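Asker: One structure, pasted below without further comment.
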Amino acid sequence: MSLTRALTVYVAQGFICFFFIFLAYKILKRDRKRLNLIFSGFYLSAAIGLLMNFIYAPLDPLEFEPAILFLNFITNFGIFYSSIFLVVFDLILLKSEKVISPIKQLVILIVYGIAMFCMIFFVYVEGIAFDGSSRLGVELDLDSWSPIWNLPFFLYLLIIESIPTGFFFYFSFQIYKKFEDEQLRKKWKFFIFGATALIIFMYGIFVSNFLNDPTFRLVMGAIGLILAIAGGYLMYTGVGRQLEK
Numbered sequence: 000m001s002l003t004r005a006l007t008v009y010v011a012q013g014f015i016c017f018f019f020i021f022l023a024y025k026i027l028k029r030d031r032k033r034l035n036l037i038f039s040g041f042y043l044s045a046a047i048g049l050l051m052n053f054i055y056a057p058l059d060p061l062e063f064e065p066a067i068l069f070l071n072f073i074t075n076f077g078i079f080y081s082s083i084f085l086v087v088f089d090l091i092l093l094k095s096e097k098v099i100s101p102i103k104q105l106v107i108l109i110v111y112g113i114a115m116f117c118m119i120f121f122v123y124v125e126g127i128a129f130d131g132s133s134r135l136g137v138e139l140d141l142d143s144w145s146p147i148w149n150l151p152f153f154l155y156l157l158i159i160e161s162i163p164t165g166f167f168f169y170f171s172f173q174i175y176k177k178f179e180d181e182q183l184r185k186k187w188k189f190f191i192f193g194a195t196a197l198i199i200f201m202y203g204i205f206v207s208n209f210l211n212d213p214t215f216r217l218v219m220g221a222i223g224l225i226l227a228i229a230g231g232y233l234m235y236t237g238v239g240r241q242l243e244k
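Per numbering that gives the first Met the number 0, the sequence shown runs over residues 0 to 244.
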């Protein structure tokens, strides 16, 4: 494992992981009503994905390739599935929990989960990808032990992740326009800015894994740490503290 990968996984992503777990704990400590569960689900889903990354990062791809690819799938699923929790959270605030009932919430989560689960077909399918590689989804760099995303997988995740991202921004601005109190508007801005920082971080992961450039990975690791910590805290400041009350 290269030094760049070790620093990215165990320092930058490690700090993000435990910070997100801490924020989820703070939200759930006071109350475990559905709105709290949905919002904390965003942090916990991403944290679970990062924890899986800790497990397979030190494994030699020559000896453990099938296990690494599967754990990488869980990592990607956890991190990128997290965004759907923000969409459901926004819908509950916008329409009320009576309109967006628990059944409807579950349907949204399951449907998006199925779309995300389809990533696994890219992981194990062999074939000639558009960029000339032999695997359609994820390959492993034998020098750095980092995952490399091939073009079909990159495009699939880009499209799938853009759907909840678009809905999130649309619903968030609809909620913002409904607020008349200036203090509420200010807090909601924190929430939107924080989510934007985290979304930029996620798309940075996309590009980093696709380009597979060590320098870009290192820079993205440093920038991603700032974006993720600042974004997670801004979201918590804007909404999470109110959920504790």
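In this text, a Cβ means the ideal position worked out from N, Cα and C, and glycines have one as well. Just so we're clear, the structure is a prediction, and the values are computed from it rather than from any experiment.
Can you name, in chain order, every residue of its own chain whose Cβ lies under 7 angstroms from the Cβ of ALA227, other than the five neighbours on each side?
Answerer: Closer than 7 angstroms at Cβ, skipping near neighbours: ILE15, LEU197, PHE200.
Asker: Among TYR175, TYR232, ASP142, ILE73, whose alpha-carbon lies nearest the alpha-carbon of MET115?
Answerer: Out of TYR175, TYR232, ASP142, ILE73, ILE73 has the C-alpha closest to the C-alpha of MET115.
Asker: Please state whether the Cβ-Cβ distance between ILE204 and ILE26 is less than 9 angstroms.
Answerer: Going by C-beta atoms, ILE204 is not nearer than 9 angstroms to ILE26.
Asker: Going by the CB atoms, is the gap between ILE99 and VAL87 shorter than 9 angstroms?
Answerer: The answer is yes: Cβ separation under 9 angstroms.
Asker: Indicate, with yes or no, if the ligand SAM has a heavy atom lying under 8 angstroms from the CB of PRO60.
Answerer: The ligand SAM is absent from the structure shown, which contains no ligand whatsoever.
Asker: Taking the straight line between their C-alpha atoms, what separation do you get for PHE76 and PHE69?
Answerer: Roughly 11 angstroms between the two C-alpha positions.
Asker: My guess is that ALA23 and LEU43 are in contact by the Cβ rule of under 8 angstroms, so how many angstroms apart are they, rounded?
Answerer: Confirmed, Cβ separation roughly 5 angstroms.
Asker: Counting pairs of beta carbons, one from the stretch 106–121 and one from the stretch 149–159, are three or more of them closer than 8 angstroms?
Answerer: Yes, they touch.
Asker: Please state if the CB of TRP187 and the CB of SER171 are separated by a distance shorter than 9 angstroms.
Answerer: A contact, by the Cβ cut-off of 9 angstroms.
Asker: Evaluate GLY239 with the Cβ neighbour count: other Cβ atoms within 10 Å of its Cβ, from every protein chain shown; 16 or more gives buried, anything less gives exposed.
Answerer: The residue in question, GLY239, is buried, as its Cβ has 16 or more Cβ neighbours within 10 Å.
Asker: What is the DSSP secondary structure of TRP148, reduced to helix, strand or coil?
Answerer: Note: TRP148 maps to strand in three-state DSSP.
Asker: Please go through the same chain and pick out, in chain order, the residues whose beta-carbon is closer than 6 angstroms to the beta-carbon of ALA56, but skip the five residues on each side of it.
Answerer: Excluding residues within five positions, the ones whose Cβ falls inside 6 angstroms are VAL8.
Asker: Tell me which same chain residues have a C-beta within less than 8 angstroms of the C-beta of ALA66, skipping the five on either side of it?
Answerer: Only TYR55, LEU58 meet the Cβ criterion.
Asker: From which residue to which residue does the alpha helix (DSSP H) around LEU139 run?
Answerer: Note, LEU139: premise wrong, no alpha helix (DSSP H); beta strand (DSSP E) at 137–139.
Asker: Quick check on the DSSP output: what are the complete alpha helix (DSSP H) runs of length 4 or more inside the stretch 177–240, in order along the chain?
Answerer: Correct list: 181–210, 213–234.
Asker: Identify, in the order they occur along the chain, each residue of the same chain with its Cβ nearer than 6 angstroms to the Cβ of GLY220, setting aside the five sequence neighbours on each side.
Answerer: Only THR7, ALA11 meet the Cβ criterion.
Asker: What residue from LEU139, LEU90, SER143 has the CA that sits closest to GLN173's CA?
Answerer: For the residues LEU139, LEU90, SER143, the minimum Cα distance to GLN173 belongs to LEU90.
Asker: By the three-class DSSP mapping on this structure, what secondary structure does ALA56 have?
Answerer: Residue state, collapsed to three classes: coil.
Asker: Starting from ILE20, follow the alpha helix (DSSP H) in both directions and report where the run begins and ends.
Answerer: Counting along the chain, the alpha helix (DSSP H) containing ILE20 begins and ends at 13–29.
Asker: Looking only at its chain, what residues have a beta carbon closer than 7 angstroms to the beta carbon of GLY112, apart from the 5 residues adjacent to it on each side?
Answerer: These residues qualify, in order along the chain: TYR80.
Asker: Rounding to the nearest angstrom, what Cα-Cα distance links PHE192 and GLY230 in this structure?
Answerer: One C-alpha to the other measures close to 7 angstroms.
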